[in-house]
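>
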DNA sequence: TAGGCACTTCTACAAAGTAGAGTCAGATGG
DNA sequence: CCATCTGACTCTACTTTGTAGAAGTGCCTA
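Chains as they are written, first to last, in the numbering used here: chain S, 69 to 175; chain F, 69 to 175.
1. So which residues of chain F does residue 97 (chain S) contact, with C-beta pairs closer than 8 Å?
2. If you reduce the DSSP assignment to three classes, tell me which class residue 69 (chain S) lands in.
3. Can the beta-carbon of residue 89 (chain F) be found less than 9 Å from the beta-carbon of residue 156 (chain F)?
4. Alpha carbons only, please: which of S:158, S:146 and S:141 is nearest the one belonging to residue 131 (chain S)?
5. For residue 169 (chain S), decide whether its Cβ has a neighbour in chain F, counting only Cβ atoms nearer than 9 Å.
6. Assuming contact is defined by CB atoms lying nearer than 9 Å, are residue 172 (chain F) and residue 153 (chain S) in contact in what I supplied?
7. Are any of the Cβ atoms in chain S nearer than 9 Å to that of residue 81 (chain F)?
8. Using beta carbons (cut-off 9 Å, strictly below), is residue 74 (chain F) in contact with chain S?
9. Using a Cβ cut-off of 7 Å, pull out every chain F residue sitting near residue 77 (chain S), in sequence order please.
10. Who are the neighbours of residue 165 (chain F) on chain S, taking C-beta pairs under 8 Å?
11. List, in chain order, every chain F residue whose beta-carbon is nearer than 7 Å to that of residue 88 (chain S).
12. When you compare the CB positions of residue 166 (chain F) and residue 84 (chain S), do they come within less than 9 Å of one another, or not?
13. Which residues, in chain order, does the stretch 113 to 143 of chain F contribute to contact with chain S at a C-beta distance below 8 Å?
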């Protein structure tokens, strides 16, 4: 059974947002995606700090993209690494195995 | 959409273990359940500290149970409160909504 | 009465979560 | 052209969670 570490709750959310956004995964957009999907109003600082930490752990990697025609400064595009995907799976499996057969009220 | 706070990763695991164990949810057993289900070898200190914090937040409540015929000191039995159940649902829903339609490798 | 077992408490520190002010680069417009 | 608006990212600082392991408690047994 899995050894190694698990992702924090917000780390999972961020990683999933990056996965969903594919070519569009930069900080501000990640934040918007989370807001759109879950209604959770994460502060921009929280998002970037978490992306940073995930990058340090090798779970995402990023590349700066010069602003083409766009306004403002260049954006930093994120992508989930293979390790990131694995960590996501591992974490989700652990939680799923705890949910198995559990009923909490109507669910 | 949900406002309010979300459970940490380990908090979810602990809460689920307490739910599963029903009448048997005391510290050491919670730890064993997690080990059995997920293979995760949580330290006993981690388990109790988390149960404590969940109790402070009103997500579980506990009662001391005198050891009847059993050996050792009395055990402290935990139960998930209605708020605890709600927090669990909220957190799980948020993560599920982020997973929706996402494919990570074979999954 | 020294140890051992089953459990809980305590202490201390590392990692994750969070907010918000600050900075950067262009766009707008008075 | 300077003020300020917008979209984006960086930094700083602090709180909450996660984690380990030693210490304490109460009973049991050699």
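Glycine included, C-beta positions come from ideal geometry on N, C-alpha and C. All values reported here derive from a predicted model rather than from experimental measurement.
According to the structure shown:
1. Result: empty, since nearest Cβ-Cβ is about 14 Å, beyond 8 Å.
2. Unreliable positioning characterises residue 69 (chain S) in this predicted model, as indicated by a pLDDT of 42, which lies under 50. The coordinate reading is nonetheless provided below. The answer is coil: DSSP assigns residue 69 (chain S) none of H, G, I, E or B.
3. The criterion of a C-beta distance shorter than 9 Å is not satisfied by residue 89 (chain F) and residue 156 (chain F).
4. Check the Cα spacing between residue 131 (chain S) and each of S:158, S:146 and S:141: the tightest is with S:146.
5. Interface residue, yes.
6. Cβ distance < 9 Å, so residue 172 (chain F) and residue 153 (chain S) count as in contact.
7. At least one CB of chain S lies nearer than 9 Å to the CB of residue 81 (chain F).
8. Cβ-Cβ to chain S under 9 Å: yes for residue 74 (chain F).
9. Proximity of chain F to residue 77 (chain S) at the Cβ level (cut-off 7 Å) is accounted for by 74, 75, 76, 77 and 159, in chain order.
10. Those are 105 and 106, listed as they occur along chain S.
11. At a beta-carbon threshold of 7 Å, the residues of chain F lying near residue 88 (chain S) are 170, ordered along the chain.
12. Yes, they are a contact pair.
13. Within the stretch 113 to 143 of chain F, not one residue has a Cβ closer than 8 Å to any Cβ of chain S.
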